[in-house]
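Below is one structure, written out as C-alpha cells; comments come after it.
In UniProt numbering, the protein residues as written are 1 to 252.
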C-alpha cells in the first residue's frame with residue numbers, strides 16, 4: 001500500500017453526527033497506521049482528541065486541535081496559538097457589552113451545562129472545556145443571524161470566526177486547519193500523498209490543502225460543495241462514509 005498522510009475531521013466525518021460512534025473504522029485505521037499516519041483534525045480540544053486517540057488505537061500520533069490553534073507532532077514539536085482563551089474571552093465579553101450581543105461562551109459554562117447542550121457524557125464535556133487557545137460561542141437561535149453578523153463585523157483584526165452548526169469558534173487569525181496541514185507536512189517525506197476527509201464548511205481549506213479530498217454525506221442537508229481536482233462524495237454518512245471514501249482512494 002502506498003504511503004499516505006490522512007487528515008480527518010471528526011464529528012460527521014469519522015464519527016456519526018448524532019451519537020459520535022466510529023463504527024468499524026478502527027479496523028481500517030489499524031491497517032493504515034504502520035505506513036500511513038491518521039491525523040485527527042478538529043475543533044475539539046487536545047484533551048478530547050487524546051481521549052479519542054486511545055479508543056481508536058492512535059495514541060501518540062500527531063493531531064490538530066481547536067481548528068488549528070494547537071498542533072501536535074511529537075513531544076519536541078508542537079504549535080501553540082499566540083492568543084490564549086483568556087485573551088479571546090476578554091475581547092468577546094467587551095464586544096458583547098458594547099453591542100448588546102446575545103450569546104454565551106463555553107468558558108461561562110460548567111461541564112453539566114455543556115453536556116446538556118451537546119449530548120456529551122459529563123467527562124467528555126469536561127474535556128471539551130479544556131480549551132486554552134480558542135473560545136466557543138453558543139448562540140441564541142432567535143437572534144443568531146443578526147448577532148453573528150455583528151460580531152464578525154467588529155472582531156479584532158487578530159481574530160477570526162469559524163462557523164459551525166450549533167456553535168461558532170473564535171481563534172487567532174494565524175490559525176486554521178489548512179495552515180495546520182501545511183505545518184505538519186514538513187515532518188514527512190515530500191512524496192507522501194495527503195488525503196483529507198470532512199463534511200462541513202470549516203473543512204474546506206483543509207480539503208483543498210490535500211491532493212485528494214473525501215466529502216462525507218451529511219444527514220440533514222446537501223453535501224458540502226467542493227471544487228477540487230480529485231474529490232469523492234460518499235454515498236453513506238459517517239461513520240461508514242469515512243471508510244467508503246478512504247477506500248475509494250486507497251484502491252486506486
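By construction, the Cβ of each residue, glycine as well, lies at the ideal position given by its N, Cα and C atoms.
Taking 4 residues as the shortest admissible run, the segment 3–38 contains the following complete alpha helix (DSSP H) segments, listed from N- to C-terminal end: 25–32.
Straight across, the Cα-Cα distance linking residue 156 with residue 170 is about 11 angstroms.
Taking 8 angstroms as the cut-off, the beta carbon of residue 238 is found no closer than this to the beta carbon of residue 40. Close CB contacts of residue 202 within its chain, under the 6 angstroms cut and outside five residues either way in sequence, are with 162 (chain order). Per the C-alpha coordinates, the member of 248, 69 and 52 positioned closest to residue 61 is 52. Residue 187 is classed as exposed because its beta carbon has fewer than 16 other beta carbons within 10 Å across all chains shown.
Within the segment 153–193, complete beta strand (DSSP E) segments of at least 3 residues are found at 159–163 and 167–172, given in chain order.
DSSP places residue 50 in the uninterrupted alpha helix (DSSP H) bounded by 46–56. With a cutoff of 8 angstroms on beta-carbon distance, residue 209 and residue 134 are scored as not near each other.
Taking each of 32, 48, 31 and 65 in turn and checking the Cα distance to residue 184, the smallest one comes out for 65.
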